[in-house]
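Asker: Those protein sequences? They're chains A and B, same order as listed. By this note's numbering, the letter at position 8 of the first sequence is numbered 11, and the numbering carries on one by one without gaps. By this note's numbering, the letter at position 115 of the second sequence is numbered 118, and the numbering carries on one by one without gaps. Just so you know, even glycine gets a beta-carbon here, dropped at the ideal spot from N, CA and C. Computed from a prediction, not measured in an experiment: that's the story for all the values here.
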Amino acid sequence: MAWYHALHTAFNALAQRRREERQMADEMRFHLEMETRWLMSEKGLPEDEAKWAAQRAFGGVEAHKDAVRDERGTSWLEDLVQDARFGFRTLRRRPGFTTVASLTLALGIGASTALFGVVKAVLLTPLPYSRPEGIAVLWSSWTGFDQTWLSYDEYEEWKTDIPAFANVGLFSDGAVNLTADGESERIRTGFIDRDILPILGVQPALGRNFTAEEDIPNGPAVIILGDDVWRSRFSADSSVVGRTIQVNGRDRVVVGVMPAGFKLPLDFGADGPTRLWVPLGTNAQASGAIEGPGFQQGGGNHGFYSAARLKAGATLAQANAQLADRVAKLTKDGMYSSDRHFRAFAVGVEQQVTGRLKPILLVVFAAVGFVLLIACANVAGLLLVRGEQRRREMAVRVALGAGGRRLSRQLLAETIVLAGIGGTLGVALAALGVWVLRNTAPAALPRVAETRLDPLVLGFALGVAVIAAIIAGLLPAMQATSVTPQTELREGGRSATSGPGRLRWRQTLVAAEVALAVVLVVGAGLMIRSVVNLFAIDAGIRPDGVLTMRLSTPAAWYPDSIRVTAFHDELRRRVAAIPGVSAVGFVRNLPLANEMGDWGLQVEGYTPPPNQGTPGDWQVVTPGYFEAMGLRLREGRFFDDRDRMDAPPAMIVNRRFTELYLKGRPAIGTHVRIGGANANRPQYTIVGIVDNVKHNGLTREVKAQFYAPQPQFATNPGNTSRSMTLVVRGTGDPMRLVAPVRSAIRSLDPRVPVSEVRSMTDVVEQAIAAPRFAMQLLGLFGVLALVLSAIGIFGIVSQVVASRTQEFGIRAALGATPQNLLVLSLGSGVRQAAAGLVVGVAAALALTRTMTTMLEGVTPTDPLTFVTVVAVTAVVAVGASLIPARRAAKTDLAKVMTG
Amino acid sequence: MTDANAPSRSDILQGTLEMLTLKALTLQPMHGWGISIRLRQISGDVFDVNQGSLYPALQRMLRRGWIRAYYADSENNRKARYYEITRGGLAQLEVQMAEWDRSSRAVNRILRFAPQGG
């Protein structure tokens, strides 16, 4: 009940304060009465004269009251309440000022609070693992692959021969169909070996991890559920452990349920988290690797993700050094071909998850700090203007005996009340901002959607409000209380111009605001240019009007590729019949969404250099895909219904393919064999060439790609693509097609699960989510900064004009034209803006360097951006000065001289 | 005289005013005006301070525990706030008087001997 007690004390103190005030007033009145009577009886003065004399002998009643109050040594709480009430009253008398100032603070506080929420969620909240600093994700890289999977042989090698690792585990991801109560759902699923959970230091909330006996090829069918699946599909029933459920049409026994919020280290990206986990169940034999300590040429097939736990005391740098040594030795032994520059490396899990977002967030957070500073400078400026207007009031109060300390305290209290209002509004703004972020944050931005206004974030808002109050209020308070009543009151009714010293502070503030704004707007400008560049990149597809959704045809119901093909053909026919649909097809890997891997090829007439293969990124499609996705045909033809399973195998390649493997030779008609040396299978014949598609990322290098028809690829080389993405091109909003397409699927086979329903535009936007996020925030802050600086410039020019009205009148009388006066008054604002511009450009040149990694196709010192920003800021500055300056030009001579 | 000039003077007088007030209160409890008139009478109007300055001084001494306040009927049948000296106040008066004694003797010595010494 501490708060109750505090409240009680505060009320008591306030009640006592009122009683004391009354007693004090009574006592002083009593004194004056006694003195008056004494003067009348002893000195024989008439009553009114006695009263006057008593009054004079006593001195200023209010001043003495103040002195008594000061002597009471009251509690800070009473003072605060009193000062705050006083501040509140003064603020209420000036609603315009109060609104502008508190809104300005609200914007600064709100924006920085919301962004701190993001920083906290992304960077400060530890990942849901035990001691995440000891967890690393392992990768391989070689020419053309910056960061790719491990092979089983490498896993065994690193696990046994890298002393810095305590343990190494393998995992991969995919999706399964979960059927419960007759309803199917496609759910992203992690395939994890038995070491993954111990490495992450997470235990199932219910049940247990997989055992070694379960983690073998064709081992017992078991599964661990994610918390949300457990809640949504099994009503959070704890007896689910031990029960058998239907996965991909087969039975699996639930052995555990993971705690809420658990994710695998690579689950923080655009594809969303895995929500079910089954044993990876692999061994050397099943993975085509050499059993035991052996190691095959090139490491074997690279297809696993890997996580490792560092030994206590070991560092990531040690692990990486040991990996480099090991790879160097393997390369020397001829296990890796030296011209492919094979490398193995470990990335700390935190770096892995948020590493890409961290620099962006820090830049944006710094930007929001700038906005806050500008807001503070603005409010300080407004307060200084008010201080000017209140100099006489202050002088009178000082003359009446108010102490300097007390005055500054009251002024500061006023600012604190302002910051209180601003802070409250700011938290509301932040709440709105967080709500928007949570609901619109692209899934590709790890953890941003986890942003919450928790106590720490609210505490941050409080801290920011207090600091803002101090920054904004200190200077005005110092200025206002430096008044000397003698000079101030002697100046008479028509006060002279503001002293140059007082004005200089405001001018410095304005210059600082402009400088900060320039830095922000340059940052925003660079981001805008770079996002424009990203949008301008030709991805080789036309995403507008395209709807995509993932479907899968489980082996339980579609045991062979003939049935899969029949399903695809029939669904294509039904979807094509939907009004507004112009093309429809299936694709195995959606561009910019699912990474594509490569197959080794044998291209007729092409001999690769020694130790190099002829890799081609593989894509499996049905007829209609090229038209639906809008790929451009360069030569030959697209696939059509000719390309059936039993037809001669047809292949379409991209331009990169022809540049690499068919230099100068006609491509159409060239024969290509997919995968190794299986000479029994018929060769593919190239029937078409399409423009490059930036499949793995807008800024990534395009490799040789080939497309094969789904029914043909299923037998040659043999891989039934069960999970395909349906691509539908229509007119108008693609999301309007969702309902009719879904009902077409249901009418064909209600058991087929649908997932990842997205428009292709959305997919492209996810691909550039991080730079866009930075652009939107920096753009917003840049505009805010410009508006706030405009207000600041407007304020100072208004004040200068107002204080020089007399001077202007005299000048006008002496023959100055309105133009002369306009230029004269414009000068004051424009000079500050120019100073701010110079400082701002210099600061921006130094600071934008930090953005280098965020930029695409534009340098941090891009001249066009800088020139544009300088021009825009100058226009804003002149514009903001013009309004008050025109008032000066219209100075009415008669009014000034007689008024 | 404006109050803006008051601090410097009241600083010097503060201690003296307190000491004289405490001394006056050793005779009997008094209300504010009573103290004020007593000080004037004793000093023969030499010590004619701004009368209101007494009240901050009283407040200060209340807070320090040198005096106590209570309400009682006054000579014109109105309730008035009376002040009486406490034991702490008496002790303080001793200290202040000793201090005053020492410093005034020092001042006197300087005034008497300074001309010859110079």
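Suppose contacts are defined by Cβ-Cβ distances below 9 Å. Is Val-881/A in contact with Ala-527/A by that definition?
Answerer: Within the first sequence, numbered from 1, the residue matching residue 881/A stands at position 878. Within the first sequence, numbered from 1, the residue matching residue 527/A stands at position 524. Not closer than 9 Å, so no.
Asker: Is DSSP giving Pro-618/A helix, strand or coil here?
Answerer: Sequence index remark: in the first sequence, residue 618/A carries index 615 (1-based). Strand, per DSSP.
Asker: Please state whether DSSP places Asp-736/A in a helix, a strand or coil.
Answerer: Position 733 of the first sequence, counted from the first residue, corresponds to residue 736/A. Three-state DSSP puts Asp-736/A in coil, outside helix and strand.
Asker: In the DSSP assignment, what are the bridge partners of Trp-280/A?
Answerer: Here residue 280/A corresponds to residue number 277 of the first sequence, with the count starting at 1. According to DSSP, which records beta bridges pairwise, Trp-280/A is partnered with Gly-193/A, Ile-227/A.
Asker: Are Arg-69/B and Thr-89/B touching if we call contact CB-CB under 9 Å?
Answerer: Indexing the second sequence from 1 puts residue 69/B at position 66. Indexing the second sequence from 1 puts residue 89/B at position 86. It should be noted that the sequence gives Trp, not Arg, for residue 69/B. Going by C-beta atoms, Trp-69/B is nearer than 9 Å to Thr-89/B.
Asker: Quick one: is Gln-62/B near chain D, going by C-beta distance under 9 Å?
Answerer: Looking at the structure shown, chain D is missing, and the protein chains on hand are A and B.
Asker: Please tell me whether Arg-236/A and Val-757/A are closer than 9 Å, where the distance is taken between their beta carbons.
Answerer: The count along the first sequence starts at 1 and reaches residue 236/A at position 233. The count along the first sequence starts at 1 and reaches residue 757/A at position 754. In this structure, Val-757/A does not lie closer than 9 Å to Arg-236/A by Cβ.
Asker: Could you compute how far the alpha carbon of Leu-141/A sits from the alpha carbon of Leu-173/A?
Answerer: Indexing the first sequence from 1 puts residue 141/A at position 138. Indexing the first sequence from 1 puts residue 173/A at position 170. Near 10 Å, if we compare the C-alpha coordinates of Leu-173/A and Leu-141/A.
Asker: For Gly-543/A and Arg-635/A, I'd like the C-alpha separation in whole angstroms.
Answerer: Your numbering for residue 543/A matches position 540 in the first sequence. Your numbering for residue 635/A matches position 632 in the first sequence. Approximately 7 Å, taken between the alpha carbons.
Asker: Under a Cβ-count criterion, where at least 16 other Cβ atoms within 10 Å of its own Cβ denotes burial, should Asn-695/A be classed as buried or exposed?
Answerer: Indexing the first sequence from 1 puts residue 695/A at position 692. Under this definition Asn-695/A is a buried residue.
Asker: Which of the three DSSP states, helix, strand or coil, is assigned to His-906/A?
Answerer: Lying before the first or after the last residue shown, residue 906/A is absent from chain A, which here runs from 4 to 902.
Asker: Tell me which same chain residues have a C-beta within less than 8 Å of the C-beta of Val-460/A, skipping the five on either side of it?
Answerer: Walking along the first sequence from the start, residue 460/A turns up at place 457. The answer, listed in chain order, is Thr-116, Phe-119, Gly-120, Lys-123, Ala-433.
Asker: If Ala-891/A sits next to Ser-828/A, beta carbons under 8 Å apart, how far is it from one beta carbon to the other, in whole angstroms?
Answerer: Within the first sequence, the letter at position 888 stands for residue 891/A. Within the first sequence, the letter at position 825 stands for residue 828/A. That belief holds up - the Cβ atoms of Ala-891/A and Ser-828/A are roughly 4 Å apart, short of 8 Å.
Asker: Tell me, please, whether the CB atom of Ala-514/A is closer than 9 Å to any CB atom in chain B?
Answerer: In the first sequence, residue 514/A corresponds to position 511, counting from 1. Not an interface residue.
Asker: For my contact list, Ala-747/A and Arg-577/A are in at a C-beta cut-off of 8 Å; report their separation, rounded to the angstrom.
Answerer: To locate residue 747/A, count along the first sequence from 1; it is residue 744. To locate residue 577/A, count along the first sequence from 1; it is residue 574. Yes, they are in contact, since the Cβ atoms of Ala-747/A and Arg-577/A sit about 4 Å apart, within 8 Å.
Asker: Can you give me the start and stop residues for the beta strand (DSSP E) that His-674/A sits inside?
Answerer: Counting from 1 along the first sequence, the entry for residue 674/A is found at position 671. Its beta strand (DSSP E) spans residues 674 to 677.
Asker: Just curious, the beta strand (DSSP E) that His-305/A is in, first and last residue?
Answerer: Here residue 305/A refers to the residue found at position 302 when the first sequence is read from its first residue. Counting along the chain, the beta strand (DSSP E) containing His-305/A begins and ends at 305 to 313.
Asker: By Cβ distance, which residues of its chain are closer than 8 Å to Val-2/A, with the 5 residues on each side in sequence left out?
Answerer: Coverage of chain A is limited to positions 4 through 902, which leaves residue 2/A absent and any answer about it impossible.
Asker: With a floor of 4 residues, list each alpha helix (DSSP H) that falls wholly inside the segment 711 to 780 of chain A, ordered by position along the chain.
Answerer: 713 to 718, 741 to 751, 763 to 770, all fully within the segment 711 to 780 of chain A.
Asker: Are Ala-711/A and Arg-659/A closer than 9 Å when you measure CB to CB?
Answerer: Locating residue 711/A in the first sequence gives position 708, where the first residue counts as 1. Locating residue 659/A in the first sequence gives position 656, where the first residue counts as 1. It is not a contact, given that the beta carbons lie outside the stated cut-off.
Asker: Consider the Cβ of Ala-499/A: report whether some Cβ of chain B lies at a distance smaller than 9 Å.
Answerer: Residue numbering aside, residue 499/A sits at position 496 when the first sequence is read from its first letter. With a pLDDT of 45 at Ala-499/A, under the threshold of 50, the modelled position of this residue cannot be trusted, and the question is left open.
Asker: Touching or not, the segment 438 to 458 of chain A and the segment 381 to 399 of chain A, by the rule of three or more beta carbon pairs under 8 Å?
Answerer: No contact exists between the segment 438 to 458 of chain A and the segment 381 to 399 of chain A.
Asker: Helix, strand or coil for Tyr-158/A? Go by DSSP, reduced to three states.
Answerer: The count along the first sequence starts at 1 and reaches residue 158/A at position 155. Tyr-158/A falls in the helix class under three-state DSSP.
Asker: Quick one: what does DSSP say Thr-318/A is sitting in, helix, strand or coil?
Answerer: For the purposes of this step, residue 318/A is identified with residue 315 of the first sequence, where counting begins at 1. Coil at Thr-318/A, not helix or strand.
Asker: Do you know offhand how far Gln-31/B's Cα is from Glu-87/B's?
Answerer: In the second sequence, residue 31/B corresponds to position 28, counting from 1. In the second sequence, residue 87/B corresponds to position 84, counting from 1. Using only the alpha carbons, I get a separation of about 7 Å.
Asker: Which of the three DSSP states, helix, strand or coil, is assigned to Ser-290/A?
Answerer: Translated into the one-based positions of the first sequence, residue 290/A becomes position 287. Ser-290/A: coil per DSSP, three-state reduction.
Asker: Would Pro-32/B pass as an interface residue toward chain A - the criterion being a Cβ-Cβ separation below 9 Å?
Answerer: Along the second sequence, one-based indexing puts residue 32/B at 29. No, Pro-32/B lies away from the interface with chain A (no Cβ there is under 9 Å from its Cβ).
Asker: State the start and end residues of the unbroken beta strand (DSSP E) segment that holds Gln-249/A.
Answerer: Residue numbering aside, residue 249/A sits at position 246 when the first sequence is read from its first letter. Its beta strand (DSSP E) spans residues 247 to 250.
Asker: Examine the Cβ distances between the segment 813 to 821 of chain A and the segment 852 to 860 of chain A and report whether three or more of them are shorter than 8 Å.
Answerer: Because the criterion of three Cβ pairs below 8 Å is not met, the segment 813 to 821 of chain A and the segment 852 to 860 of chain A do not touch.
Asker: Got a sec: which bits of the segment 18 to 34 of chain A sit with their beta carbon under 9 Å from any beta carbon on chain B, in order along the chain?
Answerer: Within the segment 18 to 34 of chain A, the qualifying residues are Gln-26, Met-27, Asp-29, Glu-30, Met-31, Phe-33, His-34.
Asker: Counting only Cβ pairs nearer than 8 Å, list the residues of chain A close to Ser-46/B.
Answerer: Mapped onto the second sequence, residue 46/B falls at position 43. By Cβ distance, chain A contributes nothing, its closest Cβ being about 15 Å from Ser-46/B, past 8 Å.
Asker: With a cut-off of 9 Å, does the C-beta of Tyr-73/B fall near any C-beta of chain A?
Answerer: As a working note, residue 73/B is residue 70 in the second sequence. With 9 Å as the cut-off, Tyr-73/B does not count as an interface residue toward chain A.
Asker: Can you grab the Cα-Cα spacing for the pair Val-367/A / Asp-541/A, in whole Å?
Answerer: The count along the first sequence starts at 1 and reaches residue 367/A at position 364. The count along the first sequence starts at 1 and reaches residue 541/A at position 538. One C-alpha to the other measures close to 28 Å.
Asker: Quick one: is Phe-91/A near chain B, going by C-beta distance under 9 Å?
Answerer: Working through the first sequence from its first residue, we reach residue 91/A at position 88. No, Phe-91/A does not count as interfacial toward chain B.
Asker: Using the Cα positions of Ser-56/B and Glu-65/A, report the straight-line distance between them to the nearest angstrom.
Answerer: Position 53 of the second sequence, counting from 1, holds the residue named residue 56/B. Position 62 of the first sequence, counting from 1, holds the residue named residue 65/A. Ser-56/B and Glu-65/A: Cα-Cα distance of roughly 11 Å.
Asker: By the 10 Å Cβ neighbour count, where 16 or more other Cβ atoms means buried, how is Pro-166/A classified, buried or exposed?
Answerer: The count along the first sequence starts at 1 and reaches residue 166/A at position 163. It counts as exposed.
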